[in-house]
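Participant:
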Amino acid sequence: MGFGGISIWQLLIILVIIVLLFGTKRLRGIGSDLGSAIKGFRNSVKDPEDTADQAAPVVQAQQPQLKAEAKDTAPASTEQPKTPEQR
């Protein structure tokens, strides 16, 4: 018996069907994506202080850019347009 009443042969047939449906390249890509996600999760759990220190300079570097963009989007003049009578 295998897992939950499924025999080894049934598991192999399911595996073959999955490989035929998705192809080896896509399964390899999914495996590498899953592996990198697990590695990133382990690194973040293992060293939470180190990752926080690395993320802090990035946030500080982005703040001046946001202020510069805010200055660029400000109106060029705060004066109201003059009517023909005021000219």
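Going by full-length UniProt numbering, the first residue of the sequence shown is number 1, and it counts up by one from there. Where is the CB? At the ideal position from N, CA and C, for every residue including glycine.
1) Compute the Euclidean distance between the alpha carbons of PHE41 and PRO81, then round it to the nearest angstrom.
2) Helix, strand or coil: how does DSSP classify GLN10 here?
3) So for LYS82, helix, strand or coil by DSSP?
4) Quick check on the DSSP output: the alpha helix (DSSP H) that includes GLY31 runs from which residue to which?
Facilitator: By the coordinates alone:
1) Taking the first residue of the sequence shown as 1, we reach residue 41 at position 41. Taking the first residue of the sequence shown as 1, we reach residue 81 at position 81. Rounded to the nearest angstrom, the two C-alpha atoms are 57 Å apart.
2) The residue given as residue 10 occupies position 10 in the sequence shown. The answer is helix: DSSP assigns GLN10 an H, G or I state.
3) Locating residue 82 in the sequence shown gives position 82, counting from the first residue. It is coil, neither helix nor strand.
4) Position 31 of the sequence shown holds residue 31. Residues 24-46.
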